[in-house]
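Count the sequence shown with this note's numbering and you get residues 548 to 1077, in order.
Notes to accompany the following structure.
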Amino acid sequence: MDPNHRALPVDGQHVDFFLEAAANPMTTLSGAEPATSMIALRESTDPAFLLSQAELMLWAGEPAGQARLDLGGHRVTAVGHAHIDTAWLWPLREARRKCARSWSTQLALMDEHPDYVFACSQPAQYAWVKESYPDIYLRIKEKVATGQWEPVGGMWVEADCNLPSGEALVRQLLHGKRFLMKELGYETRILWLPDVFGYPGNLPQLMTESGCDFFLTQKLSWNDTNKPEHHTFWWEGIDGSRVFTHFPPADTYNGDFSADQIEQSARNFKDAEHSNRSLYLFGFGDGGGGPTAGMIASAHALGVPLGRASNFFEHASAEAHDLATVRGELYFELHRGTYTSQARTKLLNRRAQDALREAELWSVAAGKYPREELDRAWKTLLTNQFHDILPGSSIDWVYEEAERDLAAVVAAAEDMTSRATDAIAGRGPNVAVFNATSHGRAGVPPCGWTVLGTRPPVSPTSLENEFLRVEVGNDGVLKSIWDKEVGREVLSGPANFLELHEDNPRKWDAWDLDIEHRDSFVTVGHRFGD
């Protein structure tokens, strides 16, 4: 059921009600275990949940044809959309089915309404449909050609943008845009991330270098303290790159096409002195579904034009004047707890990123580039960087699969690295030392290797170079930092104590960190990390 317990609108006298359910894992002395009901759901054909109550209400709203919009001089362009979480309260395989159901519905609506345009992101989902539902995929290609189906997004999935490395973000754009160009003959200029938990200051640079001139999100409208000051502005990255940015002022990517939401687009728009255009995204989302025939009828009755997101951005960017410039990170003031949840998945993501970089580096040096293996491994990693997988906001089922998939990526990358370094080093009595970092290491060049006559000693609890000698305890506590240049101990006592804070947010238990978490904590004791 929807975590916000919203109403589900239905039409007609007979209603087919399908229930999607999830359950939080159980906490035991040995760690988290899947809820019994979820195990039953996966391992048995018997029902795992019982629906005990559903209420049906009749709502008498103002018919759309009788509503009167008060938009002033503001111009709203509406585009259909079905935000489908690649995983969240469901695993990847269910998201694949959601795509088929949602997209086939939209194709039928396009046949009925020639002016209807549907914007759709996430090339990974296109690839699913191509593989599992080829007839639907062929119809999508036809509608792309006519202009009713608009590919948007740029990234392979709508990825988290805070945890992936810079290289991974580049690969998101590379694989996403390459798929759309190769499969659909379409190059999108819009980075479409309506539901991602914040955006780093290097993203404008990566966007402009990849050919994305426009950026869309609405997520910052959820900020718990400081609401965004602008809806249309120039976003400037840390290197000075700028992209034209729009936050749809209806503050939703799941619009219902009510007159109130359309009027809010004009009433809430904070840059009316500099622009008179905004974009309105409508359709059921998160779990997919997309626009309905009733929503399109409301658009016609209200006189709101349906159009392409790309046309909106082109016109809005050309006509706007004296827009504000927002520099650096677009920080999301909510769901901070997602960066402490599901630590194993985050660790495997980091290892997979590093392992793939090394595999590619040494494979190029060896002259044997395993293109298909790398392509497959990168796409698996990129899929698991989706903004509800990597941050830790999905159900346990998702993380069982993510940990399995990411571990397989690490293993595949390490195998590619072993083959490449063996080819470079050859056979002999000496030791080849490889350095995959961009910094020199004790005689080993950056992104290079050297040959030693003997194997250098390695200590698990000490680090040393020409400047410092550091001693670390088995519990992770720093015992000593000796400064060689001045000949003195830096620490006055043990350092780097780890604190375990109480985590009981007011809501969104796996998502949020409330400020009160600072008030209650314990210092983690001996043997932590052993």
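Glycine is no exception: its CB is placed at the ideal position from the N, C-alpha and C atoms.
Here the structure is a predicted model, which is why all the values come from computation and not from measurement.
Look up residue i in the DSSP assignment and say whether it is helix, strand or coil.
i       : result
HIS777  : coil
GLY884  : helix
HIS1048 : strand
GLU1013 : coil
GLY802  : strand
ASN858  : helix
GLY834  : strand
GLU866  : helix
GLU820  : coil
LEU639  : helix
VAL691  : helix
CYS667  : strand
ARG1065 : helix
THR1008 : coil
SER1039 : coil
ARG1053 : coil
SER940  : coil
Looking at the unbroken beta strand (DSSP E) that takes in residue i, where does it start and where does it end?
i       : result
PRO698  : 696 to 698
VAL623  : 622 to 628
TRP1029 : 1025 to 1030
LEU999  : 995 to 999
THR633  : Unbroken run through THR633: none, as it is neither H nor E.
Do residue j and residue i have their beta-carbon atoms positioned less than 7 Å apart in this structure?
i       : j       : result
LEU1045 : VAL1071 : yes
THR1001 : PHE981  : no
GLY732  : LEU720  : no
ALA629  : GLY837  : yes
LEU1025 : VAL1033 : no
HIS777  : ASP742  : no
GLY787  : ASN749  : no
GLU950  : ARG891  : yes
TYR684  : VAL691  : no
THR772  : GLU880  : yes
ASN977  : ASP952  : no
ARG736  : CYS708  : no
VAL800  : GLY832  : Looking at the sequence provided, one finds Tyr at residue 800 rather than Val. Yes; because the gap between Cβ atoms is below 7 Å, this pair is in contact.
For residue i, count neighbouring Cβ atoms within 10 angstroms of its own Cβ and tell me buried if that reaches 16, exposed if not.
i       : result
ARG824  : buried
PRO638  : buried
LYS1031 : exposed
ALA906  : buried
ASP617  : exposed
GLU659  : exposed
ARG1065 : exposed
PRO698  : buried
GLU810  : buried
In the DSSP assignment, the alpha helix (DSSP H) including residue i goes from what residue to what residue?
i      : result
THR927 : 918 to 930
VAL945 : 943 to 972
GLY713 : 713 to 731
VAL911 : 890 to 913
LEU738 : Run containing LEU738: none in the alpha helix (DSSP H); it sits in the beta strand (DSSP E), 737 to 739.
TYR673 : 670 to 679
ALA979 : Segment 978 to 982 is the beta strand (DSSP E) holding ALA979; no alpha helix (DSSP H) there.
SER845 : 840 to 849
*asked:* Give the list of continuous alpha helix (DSSP H) stretches no shorter than 4 residues that lie fully inside the stretch 744 to 793.
replied: 750 to 757
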